[in-house]
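Student: Going from the sequence shown to this note's numbering is simple: count from 1 and add 2.
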Amino acid sequence: MWRYLLPEDAQWLRLPEERRATCMSCPKVAEGTHHKDTQCCTYFPELVNYLAGFALQDEKSRPLIEAQIAKGHILPTGQQIHPGQYVKAVQSYADDLFGELPSQACPFLNPETIQCGIYAYRNSVCSTFFCENDHGEAGNHLWEKAQDLVAYIEIAISQAAMQDLGIDVRKYVLTLDEWAGNINGSFEPDGGWALPLRKKLWGDWFGKEAEFLVATAEWVKARKDNLYELAINQAL
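This is how it looks when you write it as structure tokens:
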């Protein structure tokens, strides 16, 4: 996927091999600093719309995305963390409990295999996170910069696809801003985003969320040779 997201020159780069941090043999579990049932996956990923759309077209990952739609976690931009989840995440980081709370497990983590259920469609954060780095601080710096760049591209492309599919990005952002004065009312305490907010954000696409996500994936696929240019010209 990255070869289509990044500029052509990036194909000449050789990204460093990371051998110490592997999902199959988690070094943090071995050290006793991460829970064996979660490893580093105590994180709620913000998955942009077209990645969720690609996952929906895969019979293995489709049920996971459908479940998140049903729970109200997915908006037109994709899966987004709501304020209630954000508070819990920040608190766990402040308490130095990252990787230790099964209650914070990623919704895409398979509890039996402790493997990612949408691995081929994971976001830029998950793609660039290595708990142990083969190349020290220089490696950390490279992956941080790569993550920043690809995250920007992911968001820009997801918004461009939204716009073309009939959801006005500016109005979408303003709607979210309107709810800033009622943060606690914007989400369900034990669920996803509040139904009234979701209805307003989805507009005519409400009830057809899966169809919309697949449409964004097809939109991206049709423009795969120009994604970087589309991203840098998209006003965020």
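Virtual Cβ for every residue (Gly too), placed ideally from N, Cα, C.
Values in this document were obtained by computation on a predicted structure and should not be read as measured data.
Do you know offhand how far isoleucine 116's Cα is from aspartate 39's?
Tutor: Residue 116 sits at position 114 when you count from the first residue of the sequence shown. Residue 39 sits at position 37 when you count from the first residue of the sequence shown. The straight-line gap from Cα to Cα measures roughly 6 angstroms.
Student: Could you tell me the boundaries of the alpha helix (DSSP H) in which cysteine 128 lies?
Tutor: As a first step, residue 128 is located in the sequence shown; it is residue number 126 there, counting from the start. 126 to 130 is the extent of the alpha helix (DSSP H) around cysteine 128.
Student: Quick one: residues in its chain with C-beta nearer than 8 angstroms to the C-beta of cysteine 118, no 5 flanking neighbours on either side, listed in chain order?
Tutor: Translated into the one-based positions of the sequence shown, residue 118 becomes position 116. If we look at cysteine 118 and ignore the five residues flanking it on each side, its Cβ neighbours are Cys25, Cys43, Cys108, Phe110, Leu111, Asn112, Arg124 and Cys128.
Student: With a threshold of 8 angstroms, are at least 3 pairs of Cβ atoms found where one atom belongs to the region 141 to 153 and the other to the region 52 to 65?
Tutor: Short answer: they don't touch.
Student: Going by DSSP, which residues form a beta bridge with glycine 80?
Tutor: The sequence position of residue 80 within the sequence shown is 78, counting from 1. In the DSSP output, where bridge partners are listed per residue, glycine 80 has Val50 and Leu77.
Student: Buried or exposed: where does serine 188 fall if 16 or more other Cβ atoms within 10 Å of its Cβ makes it buried?
Tutor: For the purposes of this step, residue 188 is taken as the residue at position 186 of the sequence shown. Serine 188 should be labelled buried.
Student: Whole angstroms is fine: what's the gap from glutamine 106's alpha carbon to serine 94's?
Tutor: For the purposes of this step, residue 106 is taken as the residue at position 104 of the sequence shown. For the purposes of this step, residue 94 is taken as the residue at position 92 of the sequence shown. Distance between the alpha carbons of glutamine 106 and serine 94: 9 angstroms.
Student: Compare the C-alpha of alanine 163 against each of Thr79, Glu114, Gly194 and Ala72 and name the closest.
Tutor: Here residue 163 corresponds to residue number 161 of the sequence shown, with the count starting at 1. Of Thr79, Glu114, Gly194 and Ala72, the residue nearest in Cα terms is Thr79.
Student: Could you pull the DSSP bridge partners for leucine 111 from this structure?
Tutor: Taking the sequence shown and counting its residues from 1, one reaches residue 111 at position 109. Looking at the DSSP assignment, leucine 111 forms a beta bridge with Cys118.
Student: Give the straight-line distance between the Cα atoms of aspartate 206 and glutamate 10, rounded to the nearest whole angstrom.
Tutor: By one-based count along the sequence shown, residue 206 stands at place 204. By one-based count along the sequence shown, residue 10 stands at place 8. Roughly 37 angstroms between the two C-alpha positions.
Student: Report the rounded CA-to-CA distance for alanine 140 versus alanine 96, giving the unit in angstroms.
Tutor: The sequence position of residue 140 within the sequence shown is 138, counting from 1. The sequence position of residue 96 within the sequence shown is 94, counting from 1. Rounded to the nearest angstrom, the two C-alpha atoms are 26 angstroms apart.
Student: Could you give the uninterrupted runs of the alpha helix (DSSP H) lying entirely in the region 146 to 223, keeping only those of 4 residues or more?
Tutor: Listed in chain order, they are 171 to 180 and 197 to 204.
Student: Would glutamate 48 and glutamine 81 be called neighbours here (beta carbons separated by less than 8 angstroms)?
Tutor: Within the sequence shown, the letter at position 46 stands for residue 48. Within the sequence shown, the letter at position 79 stands for residue 81. Against a cut-off of 8 angstroms, the Cβ pair of glutamine 81 and glutamate 48 comes out as a contact.
Student: Measure from the alpha carbon of alanine 23 to the alpha carbon of each residue in Gln41, Leu176 and Trp14, then state which is nearest.
Tutor: In the sequence shown, counting from the first residue as 1, residue 23 sits at position 21. Alanine 23 has its Cα closest to that of Gln41, out of Gln41, Leu176 and Trp14.
Student: Does the Cβ-Cβ distance between tyrosine 52 and isoleucine 159 come in under 8 angstroms?
Tutor: On the sequence shown, residue 52 is found 50 positions in, with the first residue counted as 1. On the sequence shown, residue 159 is found 157 positions in, with the first residue counted as 1. Closer than 8 angstroms, so yes.
Student: Have a look at alanine 12 and leucine 151 and give me their C-alpha separation to the nearest angstrom.
Tutor: Translated into the one-based positions of the sequence shown, residue 12 becomes position 10. Translated into the one-based positions of the sequence shown, residue 151 becomes position 149. Straight-line Cα distance between these residues: approximately 12 angstroms.
Student: The alpha helix (DSSP H) spanning arginine 21 covers which residue range?
Tutor: Taking the first residue of the sequence shown as position 1, residue 21 is located at position 19. Segment: none, arginine 21 is in no alpha helix (DSSP H) and carries neither H nor E.
Student: Quick check on histidine 143: does DSSP put it in helix, strand or coil?
Tutor: For the purposes of this step, residue 143 is identified with residue 141 of the sequence shown, where counting begins at 1. Residue state, collapsed to three classes: helix.
Student: Starting from arginine 5, trace the alpha helix (DSSP H) in both directions and tell me its first and last residue.
Tutor: Your numbering for residue 5 matches position 3 in the sequence shown. Segment 4 to 7, the alpha helix (DSSP H) holding arginine 5.
Student: Mapping DSSP to helix, strand and coil, what is glutamine 100?
Tutor: Counted from its first residue, the sequence shown places residue 100 at position 98. A quick correction: the sequence has phenylalanine, not glutamine, at residue 100. Three-state result, phenylalanine 100: coil.
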